[in-house]
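K.L.:
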Amino acid sequence: MNLFRSEEHAKRWPLYSQATEDYILPVATWAEIFSGPLFTERLSADYLEHGEEYVAAYHDALREAGKSSPFWQYPLIAEMDEVRLSKFAVVGAYTRFDQSVLNDLKDARNRISAGLGERTGNRENHLVWAAPGSGKTFFVEQVAGSLDDIDYYELNLARLDEAAFQGMLDTVISAEKPALCLIDECDARPEESWPYELLMPHLDTNLGGGHVVFVLAGSSGFSLDGMKQRMSTRNKGNDVLSRVPAENQFVVAPMSFGDRVLIVLSQFLSAARKLGHDIQSVEKLGLYYIAVDSRLANARQLQEFATRAVGRVPRGDDRIKYDHLFTPGDPENKRFWMEVSTVARELVNSYVQVE
Amino acid sequence: MEALAVSWLRSDEEIVVKTPCLDCGETITVRMKHDKVLEVDPPEAVGYQLSPFVQWREGSSAFN
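Each protein sequence line maps, in turn, to chains A and B. Using this note's numbering, you'd call the opening residue of the first sequence number 1 and step up by one each time. Using this note's numbering, you'd call the opening residue of the second sequence number 1001 and step up by one each time.
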């Protein structure tokens, strides 16, 4: 157990891994969890006989602590028989599993879209704090893709130098059509003064007859307030923040286990379409494997993995089985099965229908 | 876990654990009696377990 003065301190630790973020808990909560029989009965003669019971109690204690972890979320997949991806769509191909997250982002999408409709003469700027890996860029891209007759620009502050940033901003404000402009990693380059000096006057474009919606997005500070606090300490930071209406500030919540399942299913269907293969269902054990495997955390890896898996499905079969995820003889197949067989047996030969 | 388990050794006594934060080095104080935490300073202090449970059986440093 590693102790830190706060969650933020833990996440700054060089050994911190996002894959294990569920394992940050208040000290008192850990003390309660460790008071369970899995730990306190270790010297009992019949400890091994009660092993399963003690592990179950441990899982229950973790669940009560309110932390979601892939390992004990396998029931979510076990109970999942049919998934209609369109039910979870926020905009375009961007999906979210949790209904409150879904609806909050639909509201944000609507506000961004409204700013690109009739010219209001008001500032239509937005500020987004997004958990790392939550797909903020993809979300804004999908909003842009859902709108007709607009121009879309993406300026990543971390990747542009001063001259390039200025040049891109000039292009944005001279666009003939209404423009949606994502300032990605808007909290980058904290040591430089030019980013906000250049950006700030452009945030008033609509007051001078232009028609641009700026979306400033970043991930630092562990929260929207934390990011704003960091931005406010920078040169012109407060000027930038004051040009974003309060109602246009929102959060893109971290990806949950359910979100990951949706992404996996979506990638399978997308790969199947590209390969001209009709896929209707996925074996639950395979879905569980991908959803908990931290090595498949990024979208590109997931896409390649899905394509290879679909390629192994025999023509005429519309199911992706667990075995299709691996090349024949891959020891990873057996390793994972051995790992979870005691708890996830019901996921074998059981399928999720996908639409 | 070891830090919190110290209190089990003297379950009738109040135990105070002082340890540096692994990020900033400042002190974290935990006052316990048996398995109950009586006080944590700062109150927002957290414990972080580096290894996901699913990997524990691979011999990872689950309890470190």
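Think of the CB as a built atom: it goes at the ideal place given N, C-alpha and C, for glycine as much as any other residue.
With 7 Å as the limit, tell me which residues of the region 140–170 of chain A have their beta carbon closer than that to any beta carbon of chain B; keep them in chain order.
P.N.:
none
K.L.:
Can you check which of these residues, Leu347(A), Val55(A), Ala130(A), is closest to Ser223(A) by C-alpha distance?
P.N.:
Numbered from its first residue, the first sequence carries residue 223(A) at position 223. That would be Ala130(A), whose Cα lies nearest to the Cα of Ser223(A).
K.L.:
For Trp1056(B), which three-state DSSP category applies?
P.N.:
The residue labelled residue 1056(B) in the question sits at position 56 within the second sequence. Note on Trp1056(B): pLDDT 45, under 50, position unreliable in the model; no value is reported.
K.L.:
Measuring CB to CB, does Leu85(A) end up less than 8 Å from Ser266(A)?
P.N.:
On the first sequence, position 85 is the one that residue 85(A) refers to. On the first sequence, position 266 is the one that residue 266(A) refers to. Yes, the pair counts as a contact, with Cβ atoms nearer than the cut-off.
K.L.:
By DSSP, does Asn1064(B) sit in helix, in strand, or in coil?
P.N.:
The residue given as residue 1064(B) occupies position 64 in the second sequence. Per-residue confidence for Asn1064(B) stands at a pLDDT of 29, beneath the threshold of 50, marking its modelled position as unreliable; no derived number is given.
K.L.:
Hey, how far is the Cα of Ser1007(B) from the Cα of Ala246(A)?
P.N.:
The residue you call residue 1007(B) lines up with position 7 of the second sequence. The residue you call residue 246(A) lines up with position 246 of the first sequence. Spanning the two alpha carbons is a distance of roughly 48 Å.
K.L.:
Alpha carbon to alpha carbon, how far is Leu102(A) from Ala89(A)?
P.N.:
In the first sequence, counting from the first residue as 1, residue 102(A) sits at position 102. In the first sequence, counting from the first residue as 1, residue 89(A) sits at position 89. Between Leu102(A) and Ala89(A), the C-alpha separation is close to 8 Å.
K.L.:
Along the chain, where does the alpha helix (DSSP H) that runs through Ile112(A) open and close?
P.N.:
What you label residue 112(A) is simply residue 112 of the first sequence in a count that begins at 1. First-last of the alpha helix (DSSP H) with Ile112(A): 99–115.
K.L.:
Is the distance from the Cβ of Val352(A) to the Cβ of Met80(A) below 8 Å?
P.N.:
Within the first sequence, the letter at position 352 stands for residue 352(A). Within the first sequence, the letter at position 80 stands for residue 80(A). Yes, they are a contact pair.
K.L.:
Take the Cβ of Cys1024(B) as the centre, count every other Cβ of all protein chains shown within 10 Å, and call the residue buried at 16 or more, exposed below.
P.N.:
If you number the second sequence from 1, residue 1024(B) lands on position 24. Burial is judged here by how many other beta carbons sit within 10 angstroms of a residue's own beta carbon; Cys1024(B) has fewer than 16 and is exposed.
K.L.:
Alpha carbon to alpha carbon, what distance is there between Phe4(A) and Glu1014(B)?
P.N.:
Stepping through the second sequence from its first residue, residue 1014(B) is reached at position 14. Stepping through the first sequence from its first residue, residue 4(A) is reached at position 4. Linking Glu1014(B) to Phe4(A) through their CA atoms gives a straight-line distance of about 22 Å.
K.L.:
Going by C-alpha distance, which of Ile183(A), Cys181(A), Phe305(A), Arg312(A) is nearest His277(A)?
P.N.:
Against the first sequence, residue 277(A) aligns to sequence position 277. Taking only the C-alpha atoms, the option nearest His277(A) is Arg312(A).
K.L.:
Give the list of continuous alpha helix (DSSP H) stretches no shorter than 4 residues that lie fully inside the region 213–298 of chain A.
P.N.:
224–232, 237–241, 257–275, 284–292
K.L.:
Say whether chain A places a C-beta atom closer than 8 Å to the C-beta of Asp1012(B).
P.N.:
As a first step, residue 1012(B) is located in the second sequence; it is residue number 12 there, counting from the start. With 8 Å as the cut-off, Asp1012(B) does not count as an interface residue toward chain A.
K.L.:
I need the DSSP call for Lys334(A), collapsed to helix, strand or coil.
P.N.:
Position 334 of the first sequence holds residue 334(A). Of the three classes helix, strand and coil, the one that applies to Lys334(A) here is helix, per DSSP.
K.L.:
So within the region 141–182 of chain A, which uninterrupted alpha helix (DSSP H) runs reach at least 4 residues, ignoring any that extend past its ends?
P.N.:
162–173
K.L.:
Confirm, please, whether the CB-CB distance from Ile173(A) to Phe214(A) is below 8 Å.
P.N.:
As a working note, residue 214(A) is residue 214 in the first sequence. As a working note, residue 173(A) is residue 173 in the first sequence. Their beta carbons are not under 8 Å apart, which means Phe214(A) does not touch Ile173(A) by this criterion.
K.L.:
Given a cut-off of 8 Å on the beta-carbon distance, is the pair Phe97(A) and Leu203(A) in contact?
P.N.:
For this step, residue 97(A) is matched to residue 97 along the first sequence. For this step, residue 203(A) is matched to residue 203 along the first sequence. At a Cβ-Cβ threshold of 8 Å, Phe97(A) and Leu203(A) do not count as neighbours.
K.L.:
For Arg1010(B) and Ala1003(B), what's the separation of their Cα atoms in angstroms?
P.N.:
By 1-based counting over the second sequence, the position of residue 1010(B) is 10. By 1-based counting over the second sequence, the position of residue 1003(B) is 3. So the two alpha carbons sit approximately 13 Å from each other.
K.L.:
Rounded to a whole number of angstroms, what is the C-alpha to C-alpha distance between Lys236(A) and Leu1050(B)?
P.N.:
Here residue 236(A) corresponds to residue number 236 of the first sequence, with the count starting at 1. Here residue 1050(B) corresponds to residue number 50 of the second sequence, with the count starting at 1. Within the model, the alpha-carbon separation for Lys236(A) versus Leu1050(B) is close to 39 Å.
K.L.:
Using only alpha-carbon positions, find the residue among Tyr196(A), Glu82(A), Cys181(A) that is nearest to Asp187(A).
P.N.:
In the first sequence, counting from the first residue as 1, residue 187(A) sits at position 187. Checking every option, the nearest Cα to that of Asp187(A) belongs to Tyr196(A).
K.L.:
With a threshold of 8 Å between beta-carbons, can Asn333(A) be considered close to chain B, or not?
P.N.:
Mapped onto the first sequence, residue 333(A) falls at position 333. Answer no: the Cβ-Cβ gap between Asn333(A) and chain B never drops below 8 Å.
K.L.:
Determine which residues of the region 1020–1032 of chain B have a Cβ less than 8 Å from any Cβ of chain A, and write them out in chain order.
P.N.:
Cys1021, Leu1022, Asp1023, Cys1024, Glu1026, Ile1028, Val1030, Met1032
K.L.:
For the alpha helix (DSSP H) holding Lys11(A), just list the boundary residues, first then last.
P.N.:
Stepping through the first sequence from its first residue, residue 11(A) is reached at position 11. Counting along the chain, the alpha helix (DSSP H) containing Lys11(A) begins and ends at 7–12.
K.L.:
Between which two residues does the alpha helix (DSSP H) containing Tyr74(A) stretch?
P.N.:
Position 74 of the first sequence holds residue 74(A). Unbroken alpha helix (DSSP H) run through Tyr74(A): 74–78.
K.L.:
DSSP three-state call for Val313(A): helix, strand or coil?
P.N.:
Working through the first sequence from its first residue, we reach residue 313(A) at position 313. In the three-state scheme derived from DSSP, where H, G and I count as helix and E and B as strand, Val313(A) is classed as coil.
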